[in-house]
Amino acid sequence: MTQRANGPDSRDIRPQQGVDTKDIREIVARRGDERGGLIAVLQDIQARYGYLPQEGLKEVAEGTGRSLVDVYGVATFYRSFSLTPRGKHLICVCLGTACHVRGAPRILEQFQRELGVGVGGTTPDGEFTLETVNCLGACALGPVVVVDGKYFSNVAMPGVKGILREARSGSTRLKEPAAQASAR
Amino acid sequence: MPEIGLTINGLPVTVDEGTTLLEAVRFLGWPIPTLCYMDGLSPYGACRLCVVEIGEGAEARLVSSCTYPAQEGLKVRTASERVLRARRMTLELLLASCPQSKTIQDLAAAHGVRQQRFKQEYEDCILCGRCVRMCEEQMMAKAIGFRNRGENRSIGTPFDIKSDVCRLCGACMYVCPTCQLRCTYNEPERAICGACANLTPPCIDKEQFNDMMCYMSPCVACEIEKEG
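Going down the list, the sequences are from chains E and R.
Just so we're aligned: 75 in numbering that gives the first Met the number 0 is position 76 of the first sequence, and the numbers increase by one with no gaps anywhere.
Just so we're aligned: 18 in numbering that gives the first Met the number 0 is position 19 of the second sequence, and the numbers increase by one with no gaps anywhere.
If you want it as structure tokens, here you go:
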């Protein structure tokens, strides 16, 4: 796992220094222990930290009375959960069929060139994580790119730089921290 | 216990309610091959080798007998042409994923699989989940489970590190039908014996194996070591 420095002026909503077990216990308690609550708990933790920390999963297993392997199985099953720390901004390029025929692979390549990372990679400065998604259900708007929960439609190659600029400026970040997790 | 009347291969039989088709058919003596089924573990229906045909005419369909409960008036065929064809295909696919497994090789030979049309993957696991259920239901440990999804699905401990709840009982390897999980020489801290395929068992020269149990009854490497 990579640790990254976090300046005081950061817009980041999540603390990067370690995991507060009390915090996670609170999240677990809020969601109760109903059977379907596990995914909601994991979503809340991901919204809080940007990823699912290892100690966090252990805490969830203890708090919900499940085995760690069950929690881990759910966490690794869903694409939207990440077990490794992500960058400050999450760029999600849709590669669904409609987006694909409208040029999504070239958009993705452009992002890779601009950021210098592959799919699933995080830039060394910890600013961006690049991911792909198989369909967002917004096929008429393709190619679609989602940055921190904000949707960009009909993205063209020259627009990539603008999207990155907008992300850096922070205007893509939605106000509700939970919105990022539920947008996907 | 209420009894249920059904027809298996044209023979009318009665079985207790709650019996699965596999148990009924095996009790009556017809053979059905299985890999993921094991007495004492909950049925899982993963290997699909236990398929039988139920219903008649256009209604006929294939079901996994290990998970299908006996129903009143059900007509079951355990070796119809359709069943045998499906079983051969399943075996061919299993053989493609684990061609080194002696168990699967034997089953394939016994069921007349004479060709291999698929790319061989040399996996060491068919994801039948026997070890997972063994760990949970008999050993009460829940140390291993399924991880990831789709073609990345695998069985193991969370985070791929030694589990706190694993007692190194070795039951998972003992029940493995493909007998490949034992051969984990490359990862000694997670391995238990690995003697089934390695000519030099790792337990001889690896000190980490001291506190591990070994089920390899023909393997006497540790005894030889003591003598020598």
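Every residue, glycine too, gets a C-beta built ideally from N, C-alpha and C.
Quantities reported herein were computed from a predicted structural model and do not represent experimental measurements.
CA-CA distance, residue i and residue j?
{"i": "S63 of chain R", "j": "Y50 of chain E", "result": "39 Å"}
{"i": "T131 of chain E", "j": "V92 of chain E", "result": "5 Å"}
{"i": "G64 of chain E", "j": "H99 of chain E", "result": "43 Å"}
{"i": "R60 of chain R", "j": "F145 of chain R", "result": "29 Å"}
{"i": "A119 of chain R", "j": "V24 of chain R", "result": "It should be noted that the sequence gives Gln, not Ala, for residue 119 of chain R. Between Q119 of chain R and V24 of chain R, the C-alpha separation is close to 33 Å."}
{"i": "V18 of chain E", "j": "V144 of chain E", "result": "30 Å"}
{"i": "T107 of chain R", "j": "V70 of chain E", "result": "A small correction: the amino acid at residue 107 of chain R is Ala; Thr does not occupy that position in the sequence shown. Rounded to whole angstroms, A107 of chain R to V70 of chain E spans 37 Å at the Cα level."}
{"i": "F127 of chain E", "j": "D123 of chain R", "result": "37 Å"}
{"i": "D163 of chain R", "j": "E54 of chain E", "result": "13 Å"}
{"i": "T197 of chain E", "j": "R85 of chain E", "result": "With chain E covering 0 to 183 only, the question about residue 197 of chain E has no answer from this structure."}
{"i": "V152 of chain E", "j": "A45 of chain R", "result": "A small fix is needed here, since residue 152 of chain E is Ser in this sequence, not Val. In a straight line, the C-alpha of S152 of chain E is about 42 Å away from that of A45 of chain R."}
{"i": "C49 of chain R", "j": "T83 of chain E", "result": "40 Å"}
{"i": "V154 of chain E", "j": "L83 of chain R", "result": "52 Å"}
{"i": "T13 of chain R", "j": "Y67 of chain R", "result": "16 Å"}
{"i": "K21 of chain E", "j": "C171 of chain R", "result": "35 Å"}
{"i": "A28 of chain E", "j": "L94 of chain E", "result": "37 Å"}
{"i": "Q115 of chain R", "j": "S96 of chain R", "result": "11 Å"}
{"i": "D147 of chain E", "j": "Q70 of chain R", "result": "53 Å"}
{"i": "A39 of chain E", "j": "E52 of chain R", "result": "41 Å"}
{"i": "A97 of chain E", "j": "Q111 of chain E", "result": "21 Å"}
Does the CB of residue i have a neighbour CB from chain E at under 9 Å?
{"i": "R189 of chain R", "result": "With a pLDDT of only 48 at R189 of chain R, under 50, the local geometry of the prediction cannot be trusted, and the value read off the model is given with reservation. No, its Cβ sits nowhere closer than 9 Å to a Cβ of chain E."}
{"i": "S162 of chain R", "result": "yes"}
{"i": "A142 of chain R", "result": "yes"}
{"i": "E186 of chain R", "result": "With a pLDDT of only 48 at E186 of chain R, under the threshold of 50, the placement of this residue in the model should not be trusted, and no figure is reported."}
{"i": "E135 of chain R", "result": "yes"}
{"i": "L198 of chain R", "result": "In this prediction, L198 of chain R has a pLDDT of 38, which is less than 50 and means its spatial position is unreliable; what the coordinates show is noted afterwards. It does not: the Cβ of L198 of chain R has no partner Cβ on chain E nearer than 9 Å."}
Step through the CB atoms of chain R and report whether any lies within less than 9 Å of the CB of residue i.
{"i": "R167 of chain E", "result": "no"}
{"i": "V159 of chain E", "result": "no"}
{"i": "S66 of chain E", "result": "yes"}
{"i": "L56 of chain E", "result": "yes"}
{"i": "Q42 of chain E", "result": "no"}
{"i": "Q111 of chain E", "result": "no"}
{"i": "V18 of chain E", "result": "no"}
Can you name the residues that DSSP bridges to residue i?
{"i": "S153 of chain R", "result": "R:R146"}
{"i": "V15 of chain R", "result": "Going by the sequence as given, residue 15 of chain R is Asp instead of Val. Partner(s): R:E2."}
{"i": "I90 of chain E", "result": "E:L129 and E:V146"}
{"i": "K74 of chain R", "result": "R:T6"}
{"i": "T122 of chain E", "result": "BP columns for T122 of chain E are empty, so no partner."}
{"i": "F151 of chain E", "result": "E:V144"}
Quick one, which of the options has its alpha-carbon nearest residue i's?
{"i": "L114 of chain E", "options": "E:K21, E:L129 and E:C91", "result": "E:L129"}
{"i": "L89 of chain E", "options": "E:N153, E:S79 and E:C134", "result": "E:S79"}
{"i": "Q109 of chain E", "options": "E:C138, E:G158 and E:R85", "result": "E:G158"}
{"i": "T77 of chain R", "options": "R:G111, R:G54 and R:F117", "result": "R:G54"}
{"i": "K24 of chain E", "options": "E:E61, E:I38, E:G36 and E:A39", "result": "A small fix is needed here, since residue 24 of chain E is Arg in this sequence, not Lys. The candidate whose alpha carbon is nearest that of R24 of chain E is E:E61."}
{"i": "E21 of chain R", "options": "R:G9, R:D38 and R:L10", "result": "With the sequence shown as reference, residue 21 of chain R is identified as Leu, and Glu is not the correct amino acid for it. Selected option, being the one with the closest Cα: R:D38."}
{"i": "K149 of chain E", "options": "E:P104, E:G169, E:A39 and E:E58", "result": "E:G169"}
{"i": "D124 of chain E", "options": "E:D43, E:K87, E:I44 and E:C134", "result": "E:K87"}
{"i": "E80 of chain R", "options": "R:P157, R:N8 and R:K161", "result": "R:N8"}
{"i": "A109 of chain R", "options": "R:R129, R:V51, R:L94 and R:T13", "result": "R:L94"}
{"i": "I106 of chain E", "options": "E:F76, E:G141, E:M156 and E:L94", "result": "E:M156"}
{"i": "G155 of chain R", "options": "E:I162, E:C134, E:G117 and E:L67", "result": "E:L67"}
{"i": "A85 of chain R", "options": "R:I31, R:L126 and R:I160", "result": "R:I31"}
{"i": "R152 of chain R", "options": "E:R101, E:V73, E:K160 and E:A46", "result": "E:V73"}
{"i": "L5 of chain R", "options": "R:Y36, R:E58, R:F26 and R:G72", "result": "R:G72"}
{"i": "P1 of chain R", "options": "R:T18, R:C168 and R:P42", "result": "R:T18"}
Name, please, each residue of chain E whose Cβ falls closer than 7 Å to the Cβ of residue i.
{"i": "R146 of chain R", "result": "Y71, G72 and T75"}
What does residue i reach in chain R if we use C-beta pairs closer than 8 Å?
{"i": "Q53 of chain E", "result": "F158"}
For residue i, decide whether its Cβ has a neighbour in chain B, counting only Cβ atoms nearer than 9 Å.
{"i": "G9 of chain R", "result": "No chain B is present in this structure, whose protein chains are E and R."}
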